Amino acid sequence: MKKDIFYPKQFVVSLILVFTMVFFAQMAHAADAIIVVRDAFAKATPKGARTAAIYMNIKNNGAEPDRLTSITTELADKAQIHTMTMQGDVMQMRALPGDLIIPPHSSVSLSPMASHIMLIGLKQPLIAGGNFTLVLHFAKCGEMDINVIVKPIAASENMNEDTQNHLPQ
Amino acid sequence: MKIHKTIYLSSFFALGLLAISVYLVISYPGAGLSGIRCMSPLRDNADYTATDLDGHSFDAQTLFAKPTLLFFGFTYCPEVCPTTLADISRWLDQLGKDSDKLQVLFVTIDPERDTPPQLKNYLSSFDKRIKGLILAPCDLAVMTKQYNVPYVKVDLGKDDYTFDHGASIFLLRPGGQMVETLNYEEGDDIAVKKLRLLLNRSKIDRTN
Chain A
11 MKKDIFYPKQ FVVSLILVFT MVFFAQMAHA ADAIIVVRDA FAKATPKGAR TAAIYMNIKN
71 NGAEPDRLTS ITTELADKAQ IHTMTMQGDV MQMRALPGDL IIPPHSSVSL SPMASHIMLI
131 GLKQPLIAGG NFTLVLHFAK CGEMDINVIV KPIAASENMN EDTQNHLPQ
Chain B
6 MKIHKTIYLS SFFALGLLAI SVYLVISYPG AGLSGIRCMS PLRDNADYTA TDLDGHSFDA
66 QTLFAKPTLL FFGFTYCPEV CPTTLADISR WLDQLGKDSD KLQVLFVTID PERDTPPQLK
126 NYLSSFDKRI KGLILAPCDL AVMTKQYNVP YVKVDLGKDD YTFDHGASIF LLRPGGQMVE
186 TLNYEEGDDI AVKKLRLLLN RSKIDRTN
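Chains as they are written, first to last, in the working numbering: chain A, 11 to 179; chain B, 6 to 213.
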């Protein structure tokens, strides 16, 4: 008499194997995405504008700090990280001296009225509804291409709940 | 020995005072700005010549025939100026027909880079009622001093620069007297209310 084809023991073992594999694959993927950039946007620029500001949220899931060392794009001659502060009614903008540090297990938010990546020598206007590529160079994570969407000039601030960590002073 | 020490200390103190005063003079808005030296001293009557983008010249007396919204900025400004110009454009729409009675002036604090064609092109992205004004550096120093608008050139390396600048908007009666200011990103409701108040007040001034 032929036995039933279904072998419960073997089935359970293979199930465990599959789950283990999936688990390790997930782990490997998580290790890849130590730095996660979200909500990257710029505001549309007026005609003839030679500068533009880009905002985003950079999250470091790793246990080590990383540093954003430089930014490049084909759209502009150069890109700098700038901090903005309001002293009374005077808007002050400064290039960040050195690299932008992304502490472990936290995120750094570049947002209007706080800090931004400033494009200098913009080669073409940014048009609302469009998008472009920005290359972020991290000391540990290496190069990362991110997609920046262009919002209308009067776009309201990007309100993230996950943005407690602002730029170090 | 003790006297020597006193002299030594007091001269040190005097040097310190001198350094502080030099710093204050240099950092005073309008004095060391843009590295431009005003050859003529600031005139007492606060007069200046301003030129619009069609080449018409005005002085402090003829510039403010109408109630005016006045804003200082520059086209290389990445955030505050385009946002403010977009805000102003929206307020003008909300004012509707009344906006005809208002003069809207955008004065560049960067006449070096904001040439008439550059400023004209830039402003074409905003409401047509916003008028661009260019002043020679010395005239600009007079006008900004009159409205107490600080602006300081900040080096960004390799010939690039930006400005720290006052972000307030000024509302002026006909004649140029400031009656109200609007803060950066003032809410639409408050801004439009203040603009209507300015227009109504100016109407009363005219009838009296």
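Every residue gets a Cβ at the ideal spot worked out from N, C-alpha and C, and that includes glycine. Only a predicted model underlies this, so the values are computations on that prediction, with no experimental measurement involved.
CA-CA distance, B:Ser-173 and B:Asn-188? 5 Å
B:Asp-193, DSSP secondary structure in three states: helix
For B:Ala-51, tell me which candidate among B:Gly-60, B:Ser-62, B:Gln-66 has the shortest Cα-Cα distance. B:Gln-66
Helix, strand or coil for B:Asp-98? Go by DSSP, reduced to three states. helix
Tell me the DSSP bridge mates of A:Tyr-65? A:Phe-51
Are B:Lys-150 and B:Leu-58 close, meaning C-beta to C-beta below 9 Å? no
To the nearest angstrom, how far is the alpha carbon of A:His-92 from that of B:Lys-133? 31 Å
Which residue comes first and which comes last in the alpha helix (DSSP H) that contains B:Gln-151? 142–151
Can the beta-carbon of B:Leu-97 be found less than 9 Å from the beta-carbon of B:Phe-111? no
Chain B beta carbons: is any one of them nearer than 9 Å to that of A:Thr-61? yes
What residue from A:Ile-163, A:Val-160, A:Lys-161, A:His-147 has the CA that sits closest to A:Val-46's CA? A:His-147
What do you get for B:Phe-131, buried or exposed, if any count of 16 or more other CB atoms within 10 angstroms of its CB means buried? buried
If I'm right that B:Thr-54 touches B:Gln-108 with Cβ under 8 Å, what's the distance once you round it to whole angstroms? Not confirmed; about 17 Å, so no contact.
Measuring only between beta-carbons, confirm whether A:Val-158 sits less than 9 Å from chain B. no
Who does A:Ser-116 pair with in a DSSP beta bridge? A:Asn-70
Can you check whether the C-beta of A:Gln-134 is within less than 9 Å of a C-beta belonging to chain B? no
Confirm, please, whether the CB-CB distance from B:Thr-167 to B:Leu-138 is below 9 Å. no
Could you give the C-beta distance for B:Tyr-81 and B:Asp-115, rounded to a whole number, given that I count them as a contact under 8 Å? 6 Å
Close Cβ partners of A:Gln-179 (< 7 Å) along its chain, the five nearest in sequence each way excluded: Low local confidence applies: a pLDDT of 34 at A:Gln-179 is under 50, so the model's placement there is unreliable, and no value is given.
Counting Cβ pairs, one atom from each stretch, are 3 or more of them under 8 Å apart for the stretch 91–106 of chain A and the stretch 134–151 of chain A? no
Assess, as a yes-or-no matter, whether the stretch 117–127 of chain B is touched by the stretch 54–64 of chain A under the definition of 3 or more beta carbon pairs within less than 8 Å. yes
I want to see whether chain A comes within less than 9 Å of B:Asp-169, judged by CB atoms only; does it? yes
Nearest by alpha-carbon distance to B:Val-184: which of B:Leu-176, B:Glu-190, B:Glu-191 is it? B:Leu-176
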